[in-house]
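Enquirer:
2 protein chains.
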Amino acid sequence: MEVYPKLRGETARDYALRVLKGNIISLDLKPGTAISENELASELGISRTPVREAIIELAKAYLIEIYPQRGSFISLIDPKMVEEARFLRRVTDTAVIEEACENIDEAGIAILEDNVSLQEFYLSKGMTEKIFDLDNQFHKSIYEAARKDIIYEIHSTLMIHFDRVRTLSVETVKDFKVVGDHRKMLEAIKAGDKTTAVELVNKHLARYQIDEKEIRSQRPEYFKA
Amino acid sequence: MEVYPKLRGETARDYALRVLKGNIISLDLKPGTAISENELASELGISRTPVREAIIELAKAYLIEIYPQRGSFISLIDPKMVEEARFLRRVTDTAVIEEACENIDEAGIAILEDNVSLQEFYLSKGMTEKIFDLDNQFHKSIYEAARKDIIYEIHSTLMIHFDRVRTLSVETVKDFKVVGDHRKMLEAIKAGDKTTAVELVNKHLARYQIDEKEIRSQRPEYFKA
DNA sequence: CTTGTATAACTTGTATACTACCATGCCTGC
DNA sequence: GCAGGCATGGTAGTATACAAGTTATACAAG
Numbered sequence: 001m002e003v004y005p006k007l008r009g010e011t012a013r014d015y016a017l018r019v020l021k022g023n024i025i026s027l028d029l030k031p032g033t034a035i036s037e038n039e040l041a042s043e044l045g046i047s048r049t050p051v052r053e054a055i056i057e058l059a060k061a062y063l064i065e066i067y068p069q070r071g072s073f074i075s076l077i078d079p080k081m082v083e084e085a086r087f088l089r090r091v092t093d094t095a096v097i098e099e100a101c102e103n104i105d106e107a108g109i110a111i112l113e114d115n116v117s118l119q120e121f122y123l124s125k126g127m128t129e130k131i132f133d134l135d136n137q138f139h140k141s142i143y144e145a146a147r148k149d150i151i152y153e154i155h156s157t158l159m160i161h162f163d164r165v166r167t168l169s170v171e172t173v174k175d176f177k178v179v180g181d182h183r184k185m186l187e188a189i190k191a192g193d194k195t196t197a198v199e200l201v202n203k204h205l206a207r208y209q210i211d212e213k214e215i216r217s218q219r220p221e222y223f224k225a
Numbered sequence: 226m227e228v229y230p231k232l233r234g235e236t237a238r239d240y241a242l243r244v245l246k247g248n249i250i251s252l253d254l255k256p257g258t259a260i261s262e263n264e265l266a267s268e269l270g271i272s273r274t275p276v277r278e279a280i281i282e283l284a285k286a287y288l289i290e291i292y293p294q295r296g297s298f299i300s301l302i303d304p305k306m307v308e309e310a311r312f313l314r315r316v317t318d319t320a321v322i323e324e325a326c327e328n329i330d331e332a333g334i335a336i337l338e339d340n341v342s343l344q345e346f347y348l349s350k351g352m353t354e355k356i357f358d359l360d361n362q363f364h365k366s367i368y369e370a371a372r373k374d375i376i377y378e379i380h381s382t383l384m385i386h387f388d389r390v391r392t393l394s395v396e397t398v399k400d401f402k403v404v405g406d407h408r409k410m411l412e413a414i415k416a417g418d419k420t421t422a423v424e425l426v427n428k429h430l431a432r433y434q435i436d437e438k439e440i441r442s443q444r445p446e447y448f449k450a
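Chains as they are written, first to last, in the working numbering: chain A, 1 to 225; chain B, 226 to 450.
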């Protein structure tokens, strides 16, 4: 597991949470791995309490499974879980972008504009590794423009199930098309064109349709059932 | 605050969580009330740790606000929060019932049938107080029939924002119509009639459209902003 | 009476100690 | 050699102790 440095002003609990989330997404913590509260605490240089609190939070999102008196483990990739996350994302993303089409203001447009421009810049420079975070931020900004930022927050931890499979899937050239999608979505929002916006969201998420069979054959030990 | 008895086999943390949720929904814990980890622990006859863990979980759902070194408070009713919860419920309920129309099996139908029959029975006997739980269970069963039970679970805590306003709104004769809604929804699901099912969900949720202005004028001290 | 200050009594965050339980493996008895 | 029992070490759940910070209050000075 990769241990990031603790930020100033960050509570020990938030620190543990940040490290755990990051390593789960990056698969540095592989599905099925046992994690010990004590061990993690000493690795991070904090006590068991905040580590435990972080683990409990992730267990609520089914990212960690806690077996009392036996141990805690990074959840195996559960296709049902991934499917529910994908379903939820599709359903809320489409509804939220409709809201954004109706209610976005100048400031919101500016934020999205800056984001997409930056994505296009990094893409043109071939710095595609920067795009992952901008991608997430783009969608977050749409939720904020639609005044639905709590929903984004609530769902964000659950979407790690999704992110994790994304990490596992071969890093294809998808990114190119993704940036184009974002540009088109922004234009649709600016035009208030709900129908097109919804279409774009569906098309966009279809790109993340993972070839589960392919991944499963390569890493069967990561999968549940 | 009302202190329920601790169930056998229930962990101290789940106990604290159950008591807190119940009292927040019932408004026995009024919005704005200060809650002390120590005080709550001694009231429940458990230690601070599990109480604290429960409070943290509710804070994640914005039902409690924690101000470090100052105190924790039951969140005031935030119209934006309620609106987001309502929005999320409408969006997911409609999508999930469509799934249920397509994928429900015999067992799922039987569960819903039993539930609605029971609601009709209690209604005919005038025991309307029994209907609140059955109502929630009915919707949960639809999510399960659509294989979206995790989504229900994840959203359930957030929906307390909604339940709490329901409690506060005058107990009208709505219940009558609600039971009828459930019967019609079940029939639509059985018939696989997605269009009607979605219409019914929207109509159903419209009944919970709260007259915020009315409530706010009666209990302004419960509201944020 | 007002204002500033010291202090006491809270708060949550963190650390540590203790408990009950489980899994493993060694060791005994056969 | 093999099977059963028991010790040992590990786990999460819980309890308690300590640290750091805020707030309220009492009180003294002006």
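For each residue, glycine too, the CB sits at the ideal point set by N, CA and C.
#1: Indicate whether at least one CB of chain B lies closer than 9 Å to the CB of E37 of chain A.
#2: I think G257 of chain B touches L301 of chain B, with their Cβ atoms under 8 Å apart; what is that distance to the nearest whole Å?
#3: Can the beta-carbon of H407 of chain B be found closer than 9 Å to that of Q344 of chain B?
#4: Between the beta-carbon of E39 of chain A and the beta-carbon of V19 of chain A, is there less than 9 Å?
#5: Pick out whichever of B:E262, B:S272, B:I299 and B:R273 has its Cα sitting closest to the Cα of L252 of chain B.
#6: How about I375 of chain B and M127 of chain A: do their beta carbons lie closer than 9 Å?
#7: Kindly list the residues whose CB is nearer than 8 Å to the CB of N427 of chain B, restricted to its own chain and excluding five residues on each side of it in sequence; keep chain order.
#8: Identify the contact partners of F87 of chain A in chain B, using a Cβ-Cβ distance below 7 Å as the criterion.
#9: Which one of A:A100, A:K30, A:L17 and A:I160 has the shortest CA to CA distance from P220 of chain A?
#10: Applying a beta-carbon distance threshold of less than 7 Å, which residues of chain B neighbour I189 of chain A?
#11: So with Cβ pairs under 9 Å, would you call V91 of chain A a contact of chain B?
#12: Taking 8 Å as the cut-off, does the segment 9 to 19 of chain A touch the segment 46 to 55 of chain A (at least 3 CB pairs, one atom from each stretch)?
#13: Between the beta-carbon of I215 of chain A and the beta-carbon of L168 of chain A, is there less than 9 Å?
#14: Whose C-beta lies closer than 7 Å to the C-beta of Q209 of chain A among residues of the same chain, with five residues either side of it excluded?
#15: So, at 6 Å on beta carbons, what are the nonlocal neighbours of E262 of chain B in its own chain, with the 5 sequence-adjacent residues on each side left out?
#16: For E290 of chain B, does the three-state DSSP call read helix, strand or coil?
#17: Which of the three DSSP states is assigned to A450 of chain B in this structure?
#18: To the nearest angstrom, how far is it from the Cα of V173 of chain A to the Cα of G234 of chain B?
#19: Does the distance from the CB of A413 of chain B to the CB of L425 of chain B come in under 9 Å?
Expert: On the basis of the coordinates in this document:
#1: no
#2: 6 Å
#3: yes
#4: no
#5: B:I299
#6: no
#7: R315 and T319
#8: K373
#9: A:K30
#10: None at all; the shortest Cβ gap to chain B is about 18 Å.
#11: yes
#12: yes
#13: yes
#14: none
#15: R273, V276 and R277
#16: strand
#17: coil
#18: Confidence at V173 of chain A is low in this model, with a pLDDT of 48, below 50, so the placement of that residue should be treated as unreliable; the coordinate-derived value is given next. In a straight line, the C-alpha of V173 of chain A is about 52 Å away from that of G234 of chain B.
#19: yes
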